[in-house]
Amino acid sequence: MPEIESEKLILAQNGNVDAFSEIVNVHQNAVYNLCYRMLGDPYEAEDAAQETFLRAYKAMKSFDRKRSFTTWLLSIAAHYCIDMLRKRRLNIIHIEDTPYLEIPDPGSNPETSLTESEQQKRIRSLLNVLSDTDRAIVIMYYWYEFSYGEIAKALKLSTSAVKSRIHRARSQLAKSWIERNQTLSGLERQTYESQAL
Amino acid sequence: MNHKPFESWLVADEPLMPDQEFDLQEHLKSCESCRRLQSSWQEVEGLFGELLIEQPQPGFTERWQVRLAEEISREKERQQLQSSWVFLASTTGTAFVILVIMSIRFFTTVQTPTQVFVSGMALIAGLLNLTAAIQGAVVPLLEVFFVSVPTQWWLFLVVGAFVLTLVLTFSTLRFLSSRRVSL
C-alpha cells in the first residue's frame, strides 16, 4: 500500500487542496475497492469513495501523523460503508412493506453479469453472506493484508474480537461455499433429468 | 460425532499443534462432513489468493475536486444563512426587550390618554426650548469665528476635509467588498 510523505500530509492538514488531491490520486484505488467490496455496486462505491475523501479532508486537522494514513482513511471508508449498508437494509424493509413492488436481485442484473467476471461474482456472493463488520474485517485482512491490530484500530474493536470474528467468518464462508456447490449440483441434476425425459 | 473442535481447527489461522494435527487427520478419515468443509475452505482460500483491486472510472480526482468545491459553496451558504438568522433573532430580541421596558415605563407613569398627550406636548416644548438655547449660544460664536479665520485657512480646511472623505470612502469600500478565497 503506498504511503503518503509527511510533507504532503502537513500541507493537506493546512487545507491545501492540491496536496490533498494528490492523496486522493494515490489512494483512490484502495478506497474505491474497499467500498466496492463492501457495497457490491460500482455507482454506490464511487459515491462512497468520494464521500470518504470528503470526510477525510474535513477531518484532516484531527489526523494524528503517528498513525498510518492508509489505515485511517480505510477506517473512514469502512465505517461509512457499514452505515450505508444499514440504511440500505432499512430501505429494503420499507420497500418490502410496499405492495406490488418487486426488488430486483443485484446478482441477476444482466448488465452487471456481462461486465463482471465469474470469479468476481463468486467473491461478491461469498462476501454477502457475512455481516457488515465481518465483511469489512475480511476485506481488510485479505485484500489489504492488515494485521489483526490494524483492523482492530480501524474498526474500533479489540484484537481478540477481530480474531474471533475472522475465525467465525471463515467458517461461515466455507459452509456457504458448500451450500452453493450443493445448489449448483442440484440444478445440474435437474437439467440433466429434464433433458433425459 | 462431535465436529466442533475439528471444524474450528479446519479454518484456524494459526498452525495447529502436532497432536491436534494428528487428531484432525484421524477425524477426517472417518468424517465426510468435515472433509467437505476442508475442501470447501481450500477452494475459498484459493479464490481469495487471486484477489483483484477494483479501480474507479478515470477522472476520479477531478470529480472529487468538483464535489469539494460544491461542498465548500454549500457550507458557505449554510454559514451565511446561519449568521442571518442570528442577526434577525438578536435584532428581534433587542426590539422586544426595548418594547417591554418602554411598556413597563409607560404603564407605571401614565394612566390616561390625556396624560399621554400632556406629557408628549411637554416633551416637544422642552425640545424646542433646548434648540433655541443652542442656537442662541452657537450663532454669535460662529459669527466671531468666520470673521477671525483668514481665507487661506478656509481653503486648507476644505481641501483637507475633501481628502479625508476620499480616504474614508475608499477604506469603507475595500472593507465591504468580498475577499477572494482561494481553495
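Chains G and L are the protein sequences, given in the same order. The opening position of the first sequence corresponds to residue 0 in numbering that gives the first Met the number 0, with each subsequent residue numbered one higher. The opening position of the second sequence corresponds to residue 0 in numbering that gives the first Met the number 0, with each subsequent residue numbered one higher. Glycine residues also receive a C-beta, built at the ideal position from the N, C-alpha and C atoms.
Below-8 Å beta-carbon distance, residue i vs any chain L residue
i                  : result
phenylalanine 52/G : yes
threonine 111/G    : Confidence is the limiting factor: at threonine 111/G the pLDDT is only 49, short of 50, which leaves the residue's position unreliable, though a coordinate-based value still follows. No, no contact with chain L.
Within-8 Å CB hit, residue i to chain G
i                   : result
isoleucine 52/L     : yes
phenylalanine 169/L : no
proline 55/L        : yes
phenylalanine 47/L  : yes
aspartate 12/L      : yes
tryptophan 63/L     : yes
valine 166/L        : no
leucine 36/L        : yes
tryptophan 40/L     : yes
phenylalanine 5/L   : no
threonine 150/L     : no
phenylalanine 95/L  : no
threonine 108/L     : no
valine 99/L         : no
threonine 183/L     : Because chain L is modelled from 0 through 182, residue 183/L falls outside the range shown and cannot be assessed.
valine 43/L         : yes
Residue i burial status per 10 Å Cβ neighbour count (16 or more: buried)
i                   : result
serine 82/L         : exposed
phenylalanine 106/L : exposed
aspartate 63/G      : exposed
glutamine 27/G      : buried
threonine 164/L     : exposed
aspartate 133/G     : buried
glutamate 6/G       : exposed
tryptophan 63/L     : buried
proline 55/L        : buried
leucine 172/L       : exposed
glutamine 21/L      : According to the sequence shown, residue 21/L is phenylalanine rather than glutamine. Result: exposed.
serine 39/L         : buried
isoleucine 22/G     : buried
methionine 16/L     : exposed
leucine 154/G       : buried
leucine 67/L        : buried
Same chain only: Cβ atoms within 6 Å of residue i, ignoring 5 sequence neighbours per side
i                   : result
methionine 59/G     : Ala11 and Gln12
arginine 54/G       : Ile75
phenylalanine 174/L : none
lysine 162/G        : Tyr147
leucine 125/G       : Leu172
serine 112/G        : With a pLDDT of only 48 at serine 112/G, under the threshold of 50, the placement of this residue in the model should not be trusted, and no figure is reported.
threonine 158/G     : Tyr147, Gly148 and Ala151
threonine 114/G     : Note that threonine 114/G scores 48 on pLDDT, short of 50, meaning its location in the model is unreliable and no value can be drawn from it.
phenylalanine 199/G : Only positions 0 to 196 of chain G appear in the structure, and residue 199/G is not among them; the question remains open.
Start-to-end residues for the alpha helix (DSSP H) that takes in residue i
i               : result
histidine 26/L  : 17–29
valine 99/L     : 59–108
methionine 59/G : Note, methionine 59/G: premise wrong, no alpha helix (DSSP H); not H, not E.
isoleucine 52/L : Note, isoleucine 52/L: premise wrong, no alpha helix (DSSP H); not H, not E.
threonine 150/L : 150–175
arginine 66/G   : Neither: arginine 66/G is in no alpha helix (DSSP H) and is coded neither H nor E.
threonine 132/G : 131–141
threonine 113/L : 112–147
leucine 8/G     : 5–12
aspartate 12/L  : First-last for aspartate 12/L: undefined, no H or E at that position.
lysine 120/G    : 117–126
glutamate 144/G : That residue, glutamate 144/G, is in no alpha helix (DSSP H); it is neither H nor E in DSSP.
serine 20/G     : 16–38
Cut-off 7 Å between Cβ atoms - residues of its own chain near residue i, not counting five sequence neighbours on either side
i               : result
tyrosine 35/G   : Pro41 and Ala44
tryptophan 71/G : Phe62
histidine 26/L  : Phe5 and Cys33
arginine 188/G  : none
heavy atom of the ligand MG below 7 Å from residue i C-beta
i               : result
histidine 166/G : The ligand MG is absent from the structure shown, which contains no ligand whatsoever.
Residues near residue i in its chain [Cβ-Cβ closer than 8 Å; skip 5 each side]
i               : result
threonine 150/L : none
Listed in chain order, which residues of the stretch 155–174 of chain G have Cβ atoms closer than 8 Å to some Cβ of chain L? Lys162, Ile165, His166, Arg169, Ser170, Leu172, Ala173 and Lys174
Note down, in chain order, all residues in the stretch 37–52 of chain G with a beta-carbon under 9 Å from any beta-carbon belonging to chain L. Pro41, Ala44, Glu45, Ala48, Gln49, Glu50 and Phe52
Cβ-based contacts, 8 Å cut-off: residues of the stretch 121–152 of chain G near chain L: For the stretch 121–152 of chain G, which is checked against every Cβ of chain L, the residues closer than 8 Å are Arg121, Ile122, Leu125, Tyr141 and Trp142.
Taking only beta carbons into account, state which residues of the stretch 13–35 of chain G come closer than 8 Å to chain L, listed in chain order. Per Cβ criterion, the list reads Val16, Ser20, Val23, Asn24, Gln27, Asn28, Ala29, Tyr31, Asn32 and Tyr35.
Using Cβ-Cβ distances below 9 Å, what residues of the stretch 55–88 of chain G are close to chain L? Sequence-ordered contacts of the stretch 55–88 of chain G with chain L read Tyr56 and Lys57 [C-beta pairs closer than 9 Å].
Looking at chain G, which residues of the stretch 63–86 of chain L have a Cβ within less than 7 Å of any of its Cβ atoms? Trp63, Gln64, Arg66, Leu67 and Glu70
Members of the stretch 177–190 of chain G near chain L, C-beta cut-off 8 Å: Ile177 and Asn180
Return the residues of the stretch 12–26 of chain L that lie within a Cβ-Cβ distance of less than 8 Å from chain G, sorted by chain order. Asp12
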